[in-house]
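Contents: one structure, followed by commentary.
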Amino acid sequence: MSRRAFLAAVAGAAASASMRGAHASAVDERQIKVAPGEVRLNGAGGPSTAVWTYNGTVPGPALRLRQGQPVRVAVENGLDEDTTVHWHGIRLPNAMDGVPGLTQTPIRPGESFSYEFAPPDAGTFWYHPHADSLVQIGRGLAGPLIVEEAEPVAFDGDLLWLLQDWRLTKDGQIAGGFGSMMDASMSGRVGNLVTVNGQAQPDQSVRAGERVRLRLANASLARMMALRFEGHRPVVLAIDGQPCDPHEPEDGRLVLAPAMRIDIALDMQGDPGSRHDVIDDFYDGLAYRLTTLVYDNASPIRPHPLSAPLALPRNPLPELDFANAVHQEIVLQGGMMGGGKLKGAGGMMGMTMPGMNGGAAWAINGMSMTGDGHAGMAPQFMLERGATCLLTMRNETAWWHPMHVHGFSLSVLSRNGEPVPHRQWQDTVLLAPKDTVDCAFVADNPGDWMLHCHVADHQMAGLMTVFRVK
Ligand code: C2O
Ligand code: CU
Ligand code: CU
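Letter by letter, the sequence shown follows residues -24 to -1, 1 to 446 of mature numbering (1 follows the signal peptide of the UniProt record, and there is no 0).
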């Protein structure tokens, strides 16, 4: 977008915001239909892949909401199995959280459910099913959710890349074998094709001199990513939707585990006509080109990079009260090369789940809760409403785990005893093998909430628990 077009867009947004102000209570109505569909992940010339879609597309439509404005999303289930929608990272009422058996009965085939909430935080979020998650997310169900700041933030453009990882057969169909014990007890179902907004290795056209806000979301089942922008220096503005102190990432790589989002500012410093790859090199020796920044031939839109401050406005997160905090420890156990005995939800070893040959492969504090949240397990711990909880997560396993908490953002305090800088708040915290991370949050939202690894196979195979805020 040119500077002039940008200013016009900002003026338009401001005008429509003040018009909306006149009917502040008006509910924003949206509709989502979940149904099978066909997409071409490799462009028009590639094979057609049978997938599951939101409103016919993969990823689903980008929901752009306004901070604090009530929205009602009517979800219709056109699959022949139960589903729900979980609004990942949004702090919302428990009954709207989309966890089957815990916060709602699942949406049966042919039925509908309306989700209503008013997103308190501006930022980058996403939505996905929380029923048969491994299969449903693995077949394509995921969509971006953007909550716009009350006051527009100045960038020349606002881009979003939703990244999905697919395990495809040679003829371009989704491979079966979901929930194999091999995937479940090791790194999860890592695929063989990554798409950016539903396309493999698309070009991203850019203009010299622009400053773009780029929202990255990893909607993969299991693939960890570490993004490098060749010839560019991204500045991290927000993690999991929550603004942090703007900073350049260590060694220039953006580590993006499944379910994480990172917003960056990208100054387009390349020459007109140049091309720069964006590479994922999380896995040693396996560099993967995700996309390429392709500069048009126009001369730079400004002679020098912008020097305007980059910090995004902070969200209204509750104040932590360390003096009166309660402490809770979560220990992650199991996996291949992990060892230890696992106890199932019913106190039995090896609960089975459909499609899994074994049973529980993982545990939290000695207990394995398998599936999507409907295992009917008593909460692992209770918190008084309003209490500050110091949450220590200790990974005893030999594997990586992006640990996700529903309903709250966690202030990430320290990692292996080292303070975490940049005042980061996250809903998904990546633990490397043997890592210990200290976080804190205010238990201001009553209900039963999930806490689980977002590697879908790990969640399904026991790396999940529930806590209650009374
Ligand atoms: Cu993104 Cu329990 O989910
Ligand atoms: Cu979530
Ligand atoms: Cu995990």
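The beta-carbon is built from N, C-alpha and C at its ideal position, and this holds for glycine as well.
Check	Outcome
Near ligand 2: residue 382 beta-carbon under 7 Å from a heavy atom	yes
Residue 274 Cβ short of 7 Å to ligand 1 heavy atom set	no
The beta strand (DSSP E) enclosing residue 213, as first and last residue numbers	211 to 215
Short Cβ contact (8 Å threshold) for residue 91 with residue 72	yes
Residue 174, DSSP secondary structure in three states	coil
Cβ-heavy atom distance, residue 467 to ligand 3, below 7 Å	Past the boundaries of the shown model lies residue 467; the chain is included only from -24 to 446, so the question cannot be answered.
Identity of the residues DSSP links to residue 250 by a beta bridge	DSSP output for residue 250 lists no bridge partner at all.
Straight-line gap, residue 431 to residue 273 (C-alpha atoms, nearest Å)	42 Å
Beta-carbon proximity list for residue 4, same chain, < 8 Å, skipping 5 on both sides	41, 42, 45, 46, 47 and 48
Reduced DSSP secondary structure (H/G/I, E/B, other) of residue 319	Low confidence applies to residue 319: its pLDDT is 48, below 50, so where it sits in the model is not reliable, and the reading given next is rough at best. DSSP places residue 319 in strand when its eight states are reduced to three.
Simplified DSSP state of residue 306, which is helix, strand or coil	strand
Proximal residues to residue 353 (C-beta, below 8 Å), its chain only, five neighbours per side dropped	321, 343, 345, 441 and 442
CB-CB length for residue 206 against residue 240, believed under 8 Å	Actually they do not touch by this definition, with Cβ atoms about 15 Å apart.
Residue 104, enclosing beta strand (DSSP E) - first and last residue	99 to 104
Spatially closest choice to residue 119 from 268, 414, 191 and 429, by CA coordinates	191
Spatially closest choice to residue 82 from 64, 96, 392 and 105, by CA coordinates	105
Near ligand 1: residue 235 beta-carbon under 7 Å from a heavy atom	yes
Meets three-Cβ-pair contact criterion under 8 Å: the stretch 190 to 204 and the stretch 166 to 181	yes
Where residue 196 falls, given that 16 or more other Cβ within 10 Å makes a residue buried	buried
Reference residue 312, options 208, 79, 376 and 292, closest by Cα	376
Exposure of residue 300, with buried meaning 16 or more beta-carbon neighbours within 10 Å	exposed
Beta strand (DSSP E) segments (min. 3 residues) lying fully within the stretch 332 to 393	338 to 340, 357 to 359, 364 to 371, 377 to 381 and 386 to 391
Sequence-distant residues of the same chain with beta carbon closer than 8 Å to residue 247, five excluded per side	184 and 271
Range of the contiguous alpha helix (DSSP H) that encloses residue 114	109 to 114
Stretch-stretch touch, CB-based, cutoff 8 Å, three pairs: the stretch 369 to 386 with the stretch 410 to 423	yes
Closer than 7 Å: residue 439 CB and nearest ligand 3 heavy atom	yes
Residue range of the beta strand (DSSP E) that includes residue 236	Careful: residue 236 lies outside any beta strand (DSSP E) and carries neither H nor E.
Through-space distance from residue 127 to residue 309, alpha-carbon basis	44 Å
Spatial neighbours of residue 107 in its chain, beta-carbon cut-off 6 Å, leaving aside the 5 residues before and after	58, 59, 60, 76, 82 and 348
Check whether residue 19 and residue 32 have beta carbons under 8 Å apart	no
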